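In the working numbering, the protein residues as written are 454 to 590.
What follows is the structure in structure tokens.
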């Protein structure tokens, strides 16, 4: 049975640090090998000049991957980030960001994902990331 967005939102609330929860992330969509989360626009996450901070975007990409792995495995299990690389392409101002994490490989001990971060208002790609996770349980 496929995980629902409600179940995935419960994974968010039960397994992430308070500062990650303060980002306001919500699960928009799930697939067998992917998850899409929404990072709502917030002035508190913006840097001088109004662009969302890179730290918030990187945390959102990391979190989306945990949800994608959980959806692919059918449940949350302990995992840890081994590597994350992010390339920023343009600033996001006054727009929610849609973060799509697509698993490129899911093994018994490791998971790999490519992530796109898109400004919802304009549809423009804001950043790309790739992650590697160690699956601990």
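Here a beta-carbon is modelled for each residue, glycine too, at the ideal position from N, C-alpha and C.
Because the structure is a prediction, the values reported are computed rather than measured.
Residue environment for residue 528: exposed (fewer than 16 other C-beta atoms within 10 angstroms of its C-beta). Residue 556 sits close to residue 486, with the two beta carbons spaced by under 8 Å. The criterion of a C-beta distance shorter than 8 Å is not satisfied by residue 492 and residue 532.
By the criterion of at least three beta-carbon pairs nearer than 8 Å, the segment 567–578 is not in contact with the segment 496–503. Of 459, 577, 473 and 467, the smallest CA-CA separation from residue 530 is found for 467. The residues 494, 572, 573, 574 and 575, in chain order, have a CB closer than 8 Å to that of residue 548 in the same chain once the five nearest residues on each side in sequence are set aside.
Going by beta carbons, residue 535 and residue 510 fall outside the 8 Å limit.
In the three-state DSSP reduction, residue 487 falls in the strand class (E or B). Annotation for residue 510: the continuous alpha helix (DSSP H) segment containing it runs 507–526.
If you draw a straight line from the Cα of residue 484 to the Cα of residue 490, it comes to about 12 Å. Rounded to the nearest angstrom, the gap between the Cα atoms of residue 469 and residue 477 is 12 Å. Setting aside the 5 residues that flank it on each side, residue 587 is surrounded in the same chain by 532, 533, 535, 562 and 563, each with a C-beta closer than 7 Å to its C-beta; the list follows chain order.
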